[in-house]
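Asker:
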Amino acid sequence: MYKSIPYDPSDLECYYIDVRSESEYEKGHIPNAKNLPILSNEERHVVGDLYKNVSVDAARRKGLEFVSQKLMLYFDAINELINQNPKLKIVFYCSRGGYRSTSIALLLKGIGIPVSWLQGGYKNYRQLVLEHLSDPLFYPKMLVIHGLSGVGKTHVLTTLESDHLPVLDLEGLAMHKGSHLGHIGIEQLQTQQNFENLVFEKIFKMPDKYCFVESESKRIGPVFMPQTLYNCIQAGIHSLLNAAIEFRVDLLVKDYSLCDDFDAQLRKALTKLSIYTSKAFLEDLEQLIQQKNYAQIAEKLLLEYYDPIYKKSIVKHEYAIQFEVRSIRQVSDEIINWYTAISTPEFGLEN
92 MYKSIPYDPS DLECYYIDVR SESEYEKGHI PNAKNLPILS NEERHVVGDL YKNVSVDAAR
152 RKGLEFVSQK LMLYFDAINE LINQNPKLKI VFYCSRGGYR STSIALLLKG IGIPVSWLQG
212 GYKNYRQLVL EHLSDPLFYP KMLVIHGLSG VGKTHVLTTL ESDHLPVLDL EGLAMHKGSH
272 LGHIGIEQLQ TQQNFENLVF EKIFKMPDKY CFVESESKRI GPVFMPQTLY NCIQAGIHSL
332 LNAAIEFRVD LLVKDYSLCD DFDAQLRKAL TKLSIYTSKA FLEDLEQLIQ QKNYAQIAEK
392 LLLEYYDPIY KKSIVKHEYA IQFEVRSIRQ VSDEIINWYT AISTPEFGLE N
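Every position in the sequence shown, counted from 1, becomes a number in this note's numbering once 91 is added.
So, in structure tokens, the structure goes:
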């Protein structure tokens, strides 16, 4: 059986195969979709030239030639998926639910493989994502965790999520740690579309009315938070983590200095600070890099650069509660106890 179906994020048996080119897929795709291009970047260029300069029929003929050559690839890939999980629903999609996805579905149907294609393709999916992300009612009540750099906010979110609490890790979805040095140790840059798609899927599948999230600026590395999400975070319930400078330095050194080629990445990142700091400040850091004195680098950056900036943001909010961080496990347990207490009906988080 083959048919056109609408996107349903709650249907966990659907397995999406993106038949668009590699470049289209990289710009934005349905999360966890597998990319099997019906036309590669180069082949798409060839077909496009024929369409513009020769005829529609010539372009279709060449496209069909490319598709037929890949039929065995699709056959083997889908058989492997179905053998692993017979309940899977294989769904192809292209840009708009047109020729690229329907042609491969029809070819596979001709040899007896049950597949579907996505109504309206990726374009309809993106419309669905953007409609939800712009709707304030789509979001849970945000429990916003604040704190100076190095207090362990991201580690706390990871721990809370592993303990099955609702968490939206925006830095994780953005593939960036949220500062001028936030890209260190991360090889791939996130795209705006993929970030939005991941936020949509994550929130849609949340069973709770509430969600823990780290306080972030609207821009997180290369991507921007949807305005409605940002507004919901600002209107959330705010908590503050405090930690000793020694704890913060130790945590930052562990988080950042373990990546390959750290010194070179750090030097490159520090060049972005030149418009905000003095030449002497950067020269001091360079000397510390040469000495591989990462603890002193972290302390200098915290006390002389990041803390003055973040303290201006921290004072803008009223905090329902503050926590002293001695360890990630300790403060996570205290946050869980607080959440358990205030989420009972007699307290109510809305109050």
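We put the CB at the ideal spot given by N, CA and C, even for glycine.
The structure presented is a predicted model; accordingly, all values stated were derived computationally and were not measured.
Straight-line CA distance for ASP99 to ILE311?
Answerer: The alpha-carbon atoms of ASP99 and ILE311 are separated by roughly 28 angstroms.
Asker: Smallest Cα separation from GLY154: which of SER131, MET163, VAL422?
Answerer: It is SER131 whose Cα lies nearest to the Cα of GLY154.
Asker: Any idea if ALA432 is buried or exposed, counting beta-carbon neighbours within 10 angstroms, 16 or more meaning buried?
Answerer: With fewer than 16 Cβ atoms within 10 Å of its Cβ, ALA432 is classed as exposed.
Asker: Can you list, in chain order, the residues of its chain whose CB lies under 6 angstroms from that of GLN283, leaving out five sequence neighbours each side?
Answerer: Result list for GLN283: VAL314, in chain order.
Asker: Check the DSSP bridge columns for LEU332 and list the partner residues they point to.
Answerer: LEU332 is bridged to GLY238, PHE414.
Asker: Given a threshold of 16 other Cβ atoms within 10 Å of its Cβ, counted over all protein chains shown, does ILE108 qualify as buried or as exposed?
Answerer: By the neighbour-count rule (16 or more Cβ atoms within 10 Å), ILE108 is buried.
Asker: Within 10 Å of its beta-carbon, does VAL46 have 16 or more other beta-carbons around it, so buried, or fewer, so exposed?
Answerer: Residue coverage of the chain in this structure runs from 92 to 442, which leaves residue 46 outside it and unanswerable.
Asker: Quick one: is THR250 buried, meaning 16 or more other Cβ sit within 10 Å of its Cβ, or exposed?
Answerer: Buried, since its Cβ has 16 or more Cβ neighbours within 10 Å.
Asker: Beta-carbon within less than 8 angstroms of LEU393's beta-carbon, same chain only, minus the 5 sequence neighbours each way: which residues are those?
Answerer: LEU239, SER240, GLY241, ILE336, ARG339, VAL340, LEU343.
Asker: Note the first and the last residue of the continuous beta strand (DSSP E) segment covering CYS323.
Answerer: Element bounds for CYS323: not the beta strand (DSSP E) but the alpha helix (DSSP H), 318-325.
Asker: I'd like the span of the beta strand (DSSP E) that includes LYS94, first residue to last.
Answerer: Run containing LYS94: 94-96, per the beta strand (DSSP E) assignment.
Asker: Just reading off the beta strand (DSSP E) that ILE181 is part of, what are its end residues?
Answerer: Element bounds for ILE181: 180-184.
Asker: Would you call the CB atoms of LEU264 and VAL304 closer than 7 angstroms?
Answerer: It is not a contact, given that the beta carbons lie outside the stated cut-off.
Asker: At the level of alpha carbons, what is the spacing between THR368 and GLN381?
Answerer: Their Cα atoms are separated by approximately 20 angstroms.
Asker: Is LEU197 near the ligand NAD, with its Cβ less than 6 angstroms from a heavy atom?
Answerer: In the structure on display, the ligand NAD does not appear, and there are no ligands present to speak of.
Asker: Which ranges would you report for the alpha helix (DSSP H) in the region 202-232 if only whole runs of at least 4 residues count?
Answerer: Counting only runs of 4 or more, we get 212-224.
Asker: How close, in whole Å, do the beta carbons of SER194 and VAL158 come, if the pair is a contact with beta carbons under 8 angstroms?
Answerer: SER194 to VAL158, Cβ: 6 angstroms. Contact.
Asker: Inspect the CB distances between the region 136-151 and the region 170-177 and report whether three or more fall short of 8 angstroms.
Answerer: No, the region 136-151 is not in contact with the region 170-177.
Asker: Would ILE400 be called buried (16 or more neighbouring beta carbons within 10 Å of its own) or exposed?
Answerer: By the 10 Å Cβ count, ILE400 comes out exposed.
Asker: For GLU390, count neighbouring Cβ atoms within 10 angstroms of its own Cβ and tell me buried if that reaches 16, exposed if not.
Answerer: GLU390 is buried by the Cβ-count criterion.
Asker: Is the region 291-298 close to the region 225-236, with three or more CB pairs under 8 angstroms?
Answerer: Touching, yes.
Asker: Ignore the nearest five residues each way along the sequence and tell me which others in MET92's own chain have a CB closer than 6 angstroms to its CB.
Answerer: At MET92, the pLDDT of 47 sits below 50, so the modelled position is not reliable; the number obtained from the coordinates is stated separately. Answer for MET92: PRO205, listed in chain order.
Asker: Rounding to the nearest angstrom, what Cα-Cα distance links PHE372 and LEU379 in this structure?
Answerer: So the alpha carbons of these two residues sit roughly 11 angstroms apart.
Asker: With VAL416 and ASN333 assumed to form a contact (beta carbons below 8 angstroms), what rounded beta-carbon distance in angstroms separates them?
Answerer: Confirmed, about 7 angstroms.
Asker: Let me make sure I understand the geometry here. Which of ARG358, ASP352, HIS329 has the alpha-carbon closest to that of TRP429?
Answerer: Closest option to TRP429, Cα to Cα, is HIS329.
Asker: Is the separation between the beta-carbon of TYR184 and that of GLY212 shorter than 7 angstroms?
Answerer: Yes. Within cutoff.
Asker: How many angstroms separate the CA atom of GLY444 from the CA atom of TYR216?
Answerer: In the structure as shown, the chain starts at 92 and stops at 442, and residue 444 therefore has no counterpart that could be examined.
Asker: Kindly indicate which three-state DSSP category ARG310 falls into: helix, strand or coil?
Answerer: Reduced to three states, the DSSP call for ARG310 is strand.
Asker: Return the first residue and the last residue of the beta strand (DSSP E) that ASP109 is part of.
Answerer: Segment 105-109, the beta strand (DSSP E) holding ASP109.
Asker: Quick check on this structure: which residue in GLY203, SER207, VAL110, LEU376 has the alpha carbon closest to the alpha carbon of SER186?
Answerer: Checked all of GLY203, SER207, VAL110, LEU376; the closest Cα to SER186 is VAL110.
Asker: How would you write the range of the alpha helix (DSSP H) that TYR401 sits in, first residue to last?
Answerer: Taken as a continuous stretch (DSSP letters only), the alpha helix (DSSP H) holding TYR401 covers 398-405.
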